[in-house]
Each structure stands twice: as structure tokens, then as C-alpha cells.
Amino acid sequence: MKFKALTAIAALLAAPAFAGGADDDTLVLNGEIEMTTKVAAPAHMAETGIDEIISGWHFRSDETQQLQTDDFENQGMIFVDQGLETWQTVDGSEGKSCASCHEGPESMEGVAASYPKWNEEAGELRTVQMQVNDCRENRMGAKPWKYDAGVAINVEALIASQSRGMPVNVAIDGPVAAAWEAGKELYYTRTGILELSCASCHEENYGNYIRADHLSQGQINGFPTYRLKNAKLNGVHSRFKGCVRDTRAETYSPGSEEFIALELYVKSRANGLSVEGPSVRN
Amino acid sequence: MASGVKPRVKVPKKAAAGDAITIKTLISHKMESGQRKDKEGNLIPRSIINRFTCDFNGQNVIDVDLAPAISTNPYFEFEAMVPEAGDFKFTWYDDDGSVYEEAKSVAV
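Residue numbers (our numbering), protein chains in the order written: chain S, 154 to 435; chain U, 2 to 109.
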């Protein structure tokens with residue numbers, strides 16, 4: 154009898170979680186960095202019907218959320234440490250490491266918040282990984298990393314971790330306007346046998362269940378993301394690929410022009426949220 | 002030695018005598034179960050941390066046997082009573098015979 158009563162209470166307490174929506178918890182890292190995880194949507198999202206953008210953190214269970222609050226428990230930080238080793242390791246014909254020019258990774262503060270970004274010299278839109286590879290090829294004389302390769306993601310996570318707590322702020326006008334439009338087009342294009350677009354799930358149905366899992370708004374402010382399901386860091390493009398594959402379509406490749414444009418558009422939907430990378434998700 | 006192994010430990014620097022403190026430990030290790038096969042269908046040999054111990058001033062606090070089903074990067078969190086100032090010694094034993102050690106001092 155007592156057991157039954159307890160179960161009933163537990164069910165009542167757990168009820169909000171079953172509703173599937175975002176919760177009202179506050180994310181504070183290591184007891185010091187307070188994160189903005191809910192904020193008014195940027196102006197360009199006026200027509201989407203979303204007036205508040207919400208970090209994917211809010212859609213996860215309390216246990217998963219807690220892992221991200223402490224750098225010791227956040228297993229993504231293991232990969233940040235590995236990224237730091239790579240940062241300090243000399244590679245290529247010029248005898249340089251990242252640290253030779255950029256010194257400590259602290260010099261990367263703010264980078265993750267503003268990328269993908271237009272590179273004036275090259276005349277192209279660049280992601281963090283492209284910029285790192287450009288450095289490797291042209292300054293270090295090293296081989297570029299394959300897009301979303303483990304080592305590349307580790308360094309991206311190291312760079313992202315320097316901006317944690319800073320609001321995402323990518324430019325969407327000027328020279329990147331065309332790419333941004335292309336990304337938006339992709340976001341709303343239905344693909345695959347299931348005929349789903351990004352918006353079908355992450356705009357029209359966030360907060361609802363997709364099979365056993367909560368749909369979030371698909372914000373990428375927390376990338377690279379440590380996923381419990383594969384116990385490693387996951388890159389944005391690899392995640393895009395996974396999503397497109399799930400619509401049962403042929404996907405674009407990580408590092409392709411399409412995904413770079415999509416990254417810019419999706420990132421711009423997070424303008425105002427704190428950079429969380431590396432975040433923890435399931 | 003398995004690659005990329007790095008032990009990490011979080012212990013409060015100071016504690017009151019007789020207090021129970023929370024200790025967190027994590028070791029990055031791939032914990033290959035020995036059940037998986039590679040692309041050619043050959044079994045990947047088992048490579049796990051099989052034992053973890055923690056001692057305080059020579060006295061054992063915790064001694065854990067680990068089994069192949071334990072996930073990558075095993076994490077342990079436990080409480081220990083600190084009767085006096087001293088050193089915590091943490092030891093992880095790898096299948097391949099490697100031993101990884103870490104020590105932390107606690108002031109009272």
C-alpha cells in the first residue's frame with residue numbers, strides 16, 4: 154500500500170518531464186559561469202512562430218543536465234584536454250604548433266560565438282574547422298584534417314570551451330547573406346522518403362516526443378556535443394548528416410558547401426544563447 | 002599500454018577531521034569489452050581497467066573489480082572519512098599489466 158502511494162507521488166512529481174517540453178532549470182557551470190539557455194528569438198525568426206529560443210539542455214533529463222554543470226563530470230572535457238595536447242604539439246614542415254602563434258587557447262575566446270564567419274582574404278564563408286585547416290596547410294605546412302575527424306573535433310571543442318557563457322552572435326548580412334539564404338532554404342526543404350525538413354521536427358514539433366526522445370529546437374550552441382549514446386564528441390556537420398539520414402535521404406558530406414551554409418543558418422537561430430560547447434546530450 | 006589513458010581525480014583540498022568528503026575519479030580508457038569484432042570479423046582483444054583501489058595513508062578505502070560491460074571512461078564517485086591530514090592514493094590496474102597512479106593530499 155505504502156509502495157503504491159509512493160509510486161503515485163513519484164508519478165506526480167515526474168509529470169512535467171513526461172510532458173516533453175523544456176524545463177525551467179538554470180544552467181551554471183562549475184558554480185561560476187551562468188549560462189543563458191532561454192532568450193527572446195533573434196529578429197530574423199519573426200516569421201517562424203518561435204518567440205523564445207531554448208537550448209537543447211532544457212530538453213534533457215535532470216541526470217544528463219547535471220553532467221554538464223561540472224567540468225569534472227562533463228566527459229566532453231576529456232576531449233578538450235586531448236585537444237589541448239594537440240594544440241601544443243608541433244606538426245608539419247614549418248615546425249610549428251597552434252601554440253607557437255596563438256599561445257594559450259585563451260586567445261580563442263569569442264571565436265566559437267562568431268563562427269561560421271566570412272573570411273575576407275579567401276572570399277569564402279568559413280567554419281572553425283576550415284579556419285584551423287587553413288592554418289595547418291598554410292602556416293604549419295601540415296596536412297589538413299578530414300572534416301569532423303576526431304582530432305579536429307577535439308580542437309574545435311577546445312576552441313568552443315573558451316567562449317562558454319558568451320552569447321552566440323553570428324553575422325547574417327553582408328557577404329554571407331547569400332549563404333545564409335541558402336542555409337535557410339535547406340532548413341525548410343523536405344528530404345528523404347519521410348519527407349521531413351529540419352523545421353518539421355525542430356520548429357513545428359519541439360517539445361514533443363519523437364519515439365522515446367524529446368525533440369529540441371535543434372540549437373547548435375552546445376556543439377561539439379558529447380553524446381552519451383556514442384561516448385564521444387560529435388560535430389555539427391556529422392549531426393546534420395545523422396538527421397538527414399534519418400529522413401532516409403542521401404546526405405551531404407560533412408564539410409560540404411551545403412552543410413556550411415546550413416551551419417550558419419542554424420547557428421544564427423541561436424543568436425543570443427550562450428555558447429555551451431562541449432555540452433552533454435543523450 | 003592502452004593509448005590515451007589519463008587518470009583524473011577531484012578531492013577537496015581541505016576538510017574537517019572526521020568529515021566525510023566526496024571524491025570523484027575518472028580515467029579515460031576505451032574499455033574494449035573483448036566481445037566486439039573489427040571490419041574483418043576478427044575479435045578485438047579485451048582491454049579494460051580490471052581493478053581500481055583508493056587508499057588513505059596506507060589504509061584501504063575502496064577496492065573495485067571492474068567487468069567488461071563497464072562503459073568507456075569509468076567514473077567513480079564515493080565518500081571517504083578523513084580522520085587526519087594525509088594522502089589519498091588512487092590506483093587503476095589495466096588488463097595489459099599497466100598500473101596508473103594518482104595521489105592527492107588533504108589538509109585538516
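Idealized CB from N, CA, C, for every residue including glycine.
Does the beta-carbon of residue i have 16 or more other beta-carbons within 10 angstroms, so that it is buried, or is it exposed?
| i | result |
| --- | --- |
| Glu41/U | exposed |
| Arg37/U | exposed |
| Ala194/S | buried |
| Gly202/S | exposed |
| Cys254/S | exposed |
| Asn227/S | buried |
| Arg434/S | buried |
| Leu386/S | buried |
| Gly236/S | buried |
| Asp366/S | exposed |
| Arg392/S | buried |
| Met154/S | Note on Met154/S: pLDDT 43, under 50, position unreliable in the model; the coordinate value appears next. That one is exposed. |
| Lys157/S | The predicted position of Lys157/S is uncertain, since its pLDDT is 49 and thus under 50; a value taken from the coordinates is nonetheless stated next. Lys157/S is exposed by the Cβ-count criterion. |
| Gln315/S | buried |
| Ser421/S | buried |
| Ala331/S | exposed |
| Asn424/S | buried |
| Glu416/S | buried |
| Glu259/S | exposed |
| Ser99/U | exposed |
| Glu356/S | buried |
| Glu309/S | buried |
Between which two residues does the beta strand (DSSP E) harbouring residue i extend?
| i | result |
| --- | --- |
| Met82/U | 76-83 |
| Gln60/U | 60-66 |
| Ile24/U | 20-29 |
| Asn51/U | 50-57 |
| Ala104/U | 100-107 |
| Ser432/S | 432-434 |
| Val428/S | From DSSP, Val428/S is part of no beta strand (DSSP E); its letter is neither H nor E. |
Show which residues of chain S have a CB atom less than 8 Å away from the CB atom of residue i.
| i | result |
| --- | --- |
| Thr73/U | Ala384 |
At a CB-CB cut-off below 7 Å, which residues of chain S make contact with residue i?
| i | result |
| --- | --- |
| Ser29/U | Ile231 |
| Lys11/U | Phe225 |
Just to confirm the assignment, what range does the alpha helix (DSSP H) spanning residue i have?
| i | result |
| --- | --- |
| Asn437/S | Examination of residue 437/S is not possible in this model, given that chain S is present from 154 through 435 alone. |
| Gly87/U | Gly87/U -> not in any alpha helix (DSSP H); beta strand (DSSP E) instead, spanning 87-95. |
| Glu338/S | 330-340 |
| Val10/U | Careful: Val10/U lies outside any alpha helix (DSSP H), inside the beta strand (DSSP E) at 7-11. |
| Asn43/U | Neither: Asn43/U is in no alpha helix (DSSP H) and is coded neither H nor E. |
| Ser316/S | Taken as a continuous stretch (DSSP letters only), Ser316/S belongs to no alpha helix (DSSP H), as it is neither H nor E. |
Which chain U residues are close to residue i, counting only those with a beta carbon under 9 Å from its beta carbon?
| i | result |
| --- | --- |
| Gln235/S | Gly5, Lys7, Ser29 |
Which chain S residues are close to residue i, counting only those with a beta carbon under 9 Å from its beta carbon?
| i | result |
| --- | --- |
| Lys25/U | Asp223, Phe225, Glu226 |
Output yes if chain B places a C-beta closer than 8 Å to the C-beta of residue i; else output no.
| i | result |
| --- | --- |
| Gln370/S | No chain B is part of this structure, whose protein chains are labelled S and U. |
request  = Taking only beta carbons into account, state which residues of the region 31-45 of chain U come closer than 7 Å to chain S, listed in chain order.
outcome  = none
message = Give the list of continuous alpha helix (DSSP H) stretches no shorter than 4 residues that lie fully inside the region 184-226 of chain S.
response = Counting only runs of 4 or more, we get 215-221.
ask   = Enumerated in chain order, which unbroken segments of the beta strand (DSSP E) with a length of 3 residues or greater are wholly contained in the region 356-423 of chain S?
value = 378-380, 385-387
inquiry  = So if I threshold CB-CB distances at 8 Å, which residues from the region 199-230 of chain S count as touching chain U?
reply    = Phe225, Glu226, Gln228
request  = Would you mind listing the alpha helix (DSSP H) stretches within the region 225-294 of chain S that are 4+ residues and don't spill past its ends, in chain order?
outcome  = 229-241, 251-255, 264-267, 281-288
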